[in-house]
Amino acid sequence: MNERLTEQKSIYLQISEMIETDILRGILLEEEQVPSTNELAKLYTINPATAAKGIGLLVDEEILYKRRGVGMFVAKGAREKILAKRKAAFAENHLAPLLAEAKSLGISKEELLNMIGERYL
């Protein structure tokens, strides 16, 4: 979690996304403890309530869970949930507009697939 916070989006959302990204990258593993809200607050010089709100989002999505008196931990299957969520967001935010533009330009499915194939690494 060495990323910097920006003003482009709410801080609590950025905290939530940073934890998700660490899970996706294998930095945080299933059943591993995540930084506490106080640790996050100190690290990013933010209010602990803001950090707690970001953590709370992940608890609501069952990506993290609380062990009473110990802290927050990565839930089993968290990586798969995050991947599914981010793939759906990718389709909505990137593919839908791309397909709409392709249709407006009269690009066929085959042409579009060829274009993607030529550029996909």
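If you're matching positions, the sequence shown starts at 1326 in this note's numbering and goes up one per residue.
The beta-carbon is built from N, C-alpha and C at its ideal position, and this holds for glycine as well.
Note that the coordinates shown come from a computational prediction; the quantities given were computed from them, not determined experimentally.
Which residues DSSP lists as bridging residue i, in chain order
i: G1402; result: Paired residues: none, contrary to the question.
i: Q1358; result: F1398
Delimiting residues of the beta strand (DSSP E) encompassing residue i
i: I1334; result: Note that residue 1334 corresponds to Lys in the displayed sequence, not to Ile. It is not in any beta strand (DSSP E) - K1334 carries neither H nor E in the DSSP assignment.
i: Y1390; result: 1389 to 1392
Per-residue DSSP class, three states only, for residue i
i: G1351; result: coil
i: G1381; result: helix
i: E1417; result: helix
Inter-residue Cα distance where the pair is residue i and residue j
i: S1335; j: L1349; result: 21 Å
i: L1338; j: L1383; result: 10 Å
i: L1437; j: G1402; result: 34 Å
i: A1376; j: Y1445; result: 37 Å
i: Q1427; j: R1329; result: Gln is not the amino acid found at residue 1427; the sequence shown has Ala there. Distance between the alpha carbons of A1427 and R1329: 36 Å.
i: L1341; j: R1404; result: Correcting the residue type first, residue 1341 is Ser in the shown sequence and not Leu. Cα to Cα, S1341 sits roughly 14 Å from R1404.
i: L1420; j: I1441; result: 12 Å
i: E1387; j: A1366; result: 22 Å
i: K1378; j: F1415; result: 24 Å
i: L1408; j: K1391; result: 22 Å
i: Y1369; j: E1417; result: 31 Å
i: E1345; j: K1412; result: 13 Å
i: L1389; j: T1331; result: 24 Å
i: T1362; j: M1343; result: 13 Å
i: L1430; j: E1443; result: 19 Å
i: K1406; j: Q1333; result: 25 Å
Continuous alpha helix (DSSP H) stretch holding residue i: start and end
i: I1441; result: 1434 to 1444
i: L1424; result: 1421 to 1429
i: N1363; result: 1362 to 1369
Cβ neighbour criterion (16 or more within 10 Å) applied to residue i
i: D1385; result: exposed
i: V1293; result: Absent from the structure is residue 1293, since the part of the chain shown begins at 1326 and ends at 1446.
i: I1380; result: buried
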